[in-house]
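Q:
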Ligand SMILES: [Zn+2]
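Numbering (our numbering), first residue to last: 4 to 242.
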């Protein structure tokens, strides 16, 4: 019976190690995904900002061209004004000049607004680029850690799985089934110590009869409350 109990304890130890490896891996793939997602978001934002920048810049250039053209026309109209011979032509010219003067005023205002806009877009682009650089750096780091961890644990996992297979082959079928049932339903802990007089899984204090049963070590003893298999290590007492 001692041998059977030892096998179950060993199985629990192996499973705990495998579980820890799985858990340790769990965080890094999540982080790598998160950072990749964030980087994609930033790249999208940057794309939009760059489009904004080009559009604004083009607007400014177009407006400047119209202002230049209007100023030239205004010069021309001023010369023409003195040569106009009738009222109708004069009125048309004055209207045209007013329209151009208005346009120049409007566009000049627009250009100065666009320049302010351009400045803030540029600052935003700088910020996003900095953020992108930081996130990319962190992603690279996490990816490297994950790759290393995967490479390192692949070996460990394989060895542990092999050991486990060999061990399981030796364990009585009904004991193994009992173990598996408890393991999956009780938070990956099927075999727990009971050295201090209570169940190491749910901490229920064990009745003295149960303790003596445990100490005899000639049967599988389970906690009455959580069903976990209890192990009493004899410590310094004689075996
Ligand atoms: Zn218990």
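Ideal Cβ positions, reconstructed from N, Cα and C, are used throughout, including at glycine.
Which residue from 34, 117, 172 and 77 puts its Cα closest to that of residue 65?
A: For residue 65, the nearest C-alpha among the options comes from 117.
Q: Considering only their Cβ atoms, is the gap separating residue 135 from residue 49 smaller than 8 Å?
A: Taking 8 Å as the Cβ cut-off, residue 49 and residue 135 qualify as a contacting pair.
Q: When the Cβ atoms of the region 181 to 193 are set against those of the region 162 to 169, are three or more pairs found closer than 8 Å?
A: Taking 8 Å as the limit for Cβ pairs, the verdict is that the region 162 to 169 does not touch the region 181 to 193.
Q: Smallest Cα separation from residue 99: which of 114, 32 and 78?
A: Minimum Cα distance to residue 99 is reached at 78.
Q: Which residues bound the beta strand (DSSP E) around residue 208?
A: Counting along the chain, residue 208 falls outside any beta strand (DSSP E), and DSSP gives it neither H nor E.
Q: Around the Cβ of residue 233, are there at least 16 other Cβ atoms within 10 angstroms (buried) or fewer (exposed)?
A: By the 10 Å Cβ count, residue 233 comes out buried.
Q: Please report how far the alpha carbon of residue 145 lies from the alpha carbon of residue 63, in whole angstroms.
A: Straight-line Cα distance between these residues: approximately 44 Å.
Q: Using a threshold of 7 Å, is the CB atom of residue 204 nearer than that to any non-hydrogen atom of ligand 1?
A: Residue 204: yes, Cβ under 7 Å from ligand 1.
Q: Return helix, strand or coil for residue 239, following the three-state DSSP convention.
A: Its pLDDT being 37, under 50, residue 239 is placed unreliably in this model, and the value from its coordinates should be taken loosely. Coil, per DSSP.
Q: Once you ignore the five residues that flank residue 20 on each side, which residues in its own chain have a CB closer than 7 Å to its CB?
A: Cβ neighbours of residue 20 beyond the five flanking positions: 163.
Q: How many angstroms separate the CA atom of residue 226 from the CA atom of residue 37?
A: C-alpha separation (whole angstroms): 42 Å.
Q: What residue does the beta strand (DSSP E) around residue 224 start on, and which one ends it?
A: Note, residue 224: premise wrong, no beta strand (DSSP E); not H, not E.
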